[in-house]
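Visitor: What follows is a single structure, and I will ask about it in a moment.
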Amino acid sequence: MGTMPRGLEEQPLKKICQYYSGKPRFFTLYDTYSHTPVYSAYTFKRSDGSKKVDVPWMYEPQLSLVSGSREMEQFPSVNIHKSFEDSQAVLDDYSDTVIFERGQLNPDEHQADPDDKAATYTLTNVVPRVREFNIGPWKIHEHTIRKRLNNYCRGTAYVVTGVTTSGQSIRRHNINRLGIPTYLWSAYCCVDFDHNAPYSERSKFPAFAAHGLNDRENNRVQEMTVQQLEDFLKRVTYVSSSFQIFYDNCVPPNTVNSPLHSA
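Take the position in the sequence shown, starting the count at 1, then add 9; the result is the number in this note's numbering.
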């Protein structure tokens with residue numbers, strides 16, 4: 010419904026419309042202090058899950074210059090990061106991290122068009138994820154959601170994936186450079202779904218959510234209702250009491266007067 014998640018407006022965060030190859034691809038709310046995104050919001054595209062591996066990592070000129078292009082750009086081959094590393098992550102920030110990998114919030118496997126996939130390779134869409142969590146529970150979760158939405162979402166699926174932080178950082182030259190996420194969380198909304206799907210899948214529509222601990226251990230991804238996720242985020246992070254991920258809680262328009270909705 011063209012509406013951002015509610016309840017984060019008080020923070021000094023930057024709104025990025027992620028442009029690539031002349032078109033808007035997805036939206037990111039970005040923290041220029043921790044040099045990591047708070048969340049990325051995107052439209053899921055039916056996909057076979059393949060990854061586009063030949064894309065160079067990019068940065069966001071619009072964060073650094075008043076007149077900066079809104080198109081993401083490839084990192085320059087020479088080290089001239091000084092002009093934009095104050096406001097965003099650069100490749101050097103990830104170069105010496107043994108524990109952490111670059112983890113996309115909008116993953117390329119949730120996109121189908123080559124340009125939509127390529128657009129996910131901007132560091133403004135990336136957080137430091139513990140390797141074991143990244144290639145294990147979180148990757149499995151991304152696969153699960155891709156298959157569920159591929160098979161049972163008939164219309165458009167909207168996904169918001171974000172993080173919680175606790176103040177710990179990856180440092181470079183003794184300076185805090187990247188906020189380390191404590192939890193990864195994600196929620197989707199698809200009001201037009203297959204009502205004949207097996208109950209185990211049908212019960213996870215029109216909206217469902219999940220979170221997982223960004224750690225080597227105890228990092229199981231737990232699925233839950235969007236309401237449960239919102240309650241969790243109100244407890245562990247700085248969202249306001251009005252926090253709401255989806256407009257009208259992703260209630261299908263034709264159910265507005267139903268007893269369930271009014272309850």
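For glycine and all other residues, C-beta sits at the position ideal for the given N, C-alpha and C.
Only a predicted model underlies this, so the values are computations on that prediction, with no experimental measurement involved.
Quick check on DSSP: helix, strand or coil for T129?
Guide: coil
Visitor: Which full runs of the beta strand (DSSP E) of 3+ residues lie inside the stretch 196 to 249, going along the chain?
Guide: 216 to 222, 230 to 233
Visitor: With DSSP as the reference, label T12 as helix, strand or coil.
Guide: coil
Visitor: Based on Cα-Cα distance, which residue from S86, S251, L158, A166 lies nearest to W66?
Guide: S86
Visitor: Give me the residue from L187, L17, V200 with the minimum Cα distance to R111.
Guide: L187
Visitor: According to DSSP, is K24 part of a helix, a strand, or is it coil?
Guide: K24 falls in the strand class under three-state DSSP.
Visitor: Which word fits E69, buried or exposed, when buried means at least 16 other C-beta atoms lie within 10 angstroms of its C-beta?
Guide: When all chains shown are included, E69 counts as buried.
Visitor: Whose CA, out of R55, Q71, Q120, T52, lies closest to the CA of T41?
Guide: Q71
Visitor: Can you tell me which of the three DSSP states T174 falls into?
Guide: strand
Visitor: Under the DSSP definition of a beta bridge, which residues are partnered with P85?
Guide: Among the bridge pairs identified by DSSP, P85 is matched with none.
Visitor: Output yes or no for whether 8 angstroms exceeds the beta carbon distance between Q97 and T133.
Guide: yes
Visitor: What is the DSSP secondary structure of I179, counted as helix, strand or coil?
Guide: strand
Visitor: Just confirm the distance between the C-beta atoms of A121 and R55, as a whole number of angstroms; I'd bet it's less than 8 angstroms.
Guide: 6 angstroms
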